[in-house]
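Mapped onto our numbering, the consecutive letters of the sequence shown carry residue numbers 6 to 178.
For glycine and all other residues, C-beta sits at the position ideal for the given N, C-alpha and C.
For reference, the structure is listed below as structure tokens.
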Amino acid sequence: MKMLRIMGIALLLFATTAMAEVRDVQTYFFQPKLGDFQAEMQTARKEGKAGVLIMFVMEDCPFCERMKSTILNQSEVQDYYRKHFLVFEMDVKGGAAMTDFKGVQTTEKDFALKNRARATPTFIFFDTSGEPVTRYTGVTKDAAEFIQLGRYVVAGAYKDKPFAAYKRQPAGQ
6 MKMLRIMGIA LLLFATTAMA EVRDVQTYFF QPKLGDFQAE MQTARKEGKA
56 GVLIMFVMED CPFCERMKST ILNQSEVQDY YRKHFLVFEM DVKGGAAMTD
106 FKGVQTTEKD FALKNRARAT PTFIFFDTSG EPVTRYTGVT KDAAEFIQLG
156 RYVVAGAYKD KPFAAYKRQP AGQ
């Protein structure tokens with residue numbers, strides 16, 4: 006009887022942990038774009054953020070949709086990234102006018118090309134000076150790896166080692 010009760014508690018704990026809250030990506034992960042990334046960078050600095058993260062996407066990209074439906078919709082991912090970054094989505098083929106981090110008028114497509122975002126999804130982290138510091142192309146294996154990518158940038162580990170090496174080190178080092 007005692008063993009059955011222990012197994013029931015373990016199962017309940019597993020089910021609770023496995024059921025992370027799922028929320029709308031457009032509302033809880035991405036911020037609405039104003040189109041002026043120079044102003045967005047100033048906002049990031051004022052709010053004490055590590056910088057700006059842009060997810061470069063393309064219409065009908067199955068890998069973009071996979072990231073959105075399995076990782077970016079997780080509440081812990083959304084909360085972590087919103088705490089440390091301003092987060093935007095940008096269409097690599099988009100013709101929308103925008104101002105880049107240096108104050109130059111451009112389009113989303115030209116900005117994506119300038120930043121070598123050719124495959125989708127491509128995640129580029131920009132520091133509070135508007136300089137790209139980390140690039141990740143493709144889908145992470147899970148939410149934990151995507152949060153680890155954010156920690157890699159926040160901790161400044163990108164200055165010393167590639168993300169692949171950072172992932173291999175034991176936690177806390």
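Here the segment 77 to 94 makes no contact with the segment 160 to 169; the two share fewer than three CB pairs at distances below 8 Å. The three-state secondary structure of L154, taken from DSSP, is helix. When secondary structure is reduced to three states using DSSP, M72 falls in the helix class.
The segment 139 to 152 makes contact with the segment 66 to 80: 3 or more CB pairs, one atom from each, lie closer than 8 Å. The segment 109 to 116 and the segment 128 to 145 do not touch, with fewer than 3 CB-CB distances between them shorter than 8 Å.
Boundaries of the beta strand (DSSP E) harbouring L58: G56 to V62, taken from the DSSP string. Here T127 is buried: its Cβ has 16 or more other Cβ atoms, across all protein chains shown, within 10 Å. For T48, the enclosing alpha helix (DSSP H) covers residues F42 to K51. Taken in chain order, the whole beta strand (DSSP E) runs of length 3 or more contained in the segment 69 to 141 are 90 to 96, 102 to 104, 110 to 112 and 127 to 131.
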